[in-house]
Amino acid sequence: MSLNIPPKRLFRVICICKGIPRSKICAAIENGCSTVTAVNQKTGSGSGGCNATRCGPVITELVKNRGYFDDELSDEDSW
Ligand code: FES
């Protein structure tokens, strides 16, 4: 994985229902998933009991920023 993300953030669980960590979401994005649907199909995220109400917006942000959160793009030194 070529993203510059500290391990603590990389292994944060994004899809709580399915226990999918950010590392898996980012790997899917790096390997060509360019939509939330594609990420969900590849990783299994978004198919839990909450129907992606919790992880959907987070995955959308990661897809939009190619694996990063908005605050990481604007303030990398605060990690
Ligand atoms: S947190 Fe991902 S489906 Fe519920």
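So the number in the numbering used here is just where the residue sits in the sequence shown, counting from 1, plus 4.
Ideal Cβ placement from N, Cα and C applies to all residues, glycine included.
Check the DSSP bridge columns for residue i and list the partner residues they point to.
i	result
I24	C19
Once you ignore the five residues that flank residue i on each side, which residues in its own chain have a CB closer than 8 Å to its CB?
i	result
V67	I33, C37, S38, T39, V40, V43
Y72	L7, I9, L66
T64	V40
Around the C-beta of residue i, are 16 or more other C-beta atoms found within 10 angstroms, so that it is buried, or is it exposed?
i	result
S78	exposed
V62	buried
For residue i, collect the residues of the same chain with a Cβ closer than 7 Å to its Cβ; drop the 5 residues on either side in sequence, then sort them by chain order.
i	result
R70	I33
G23	V17
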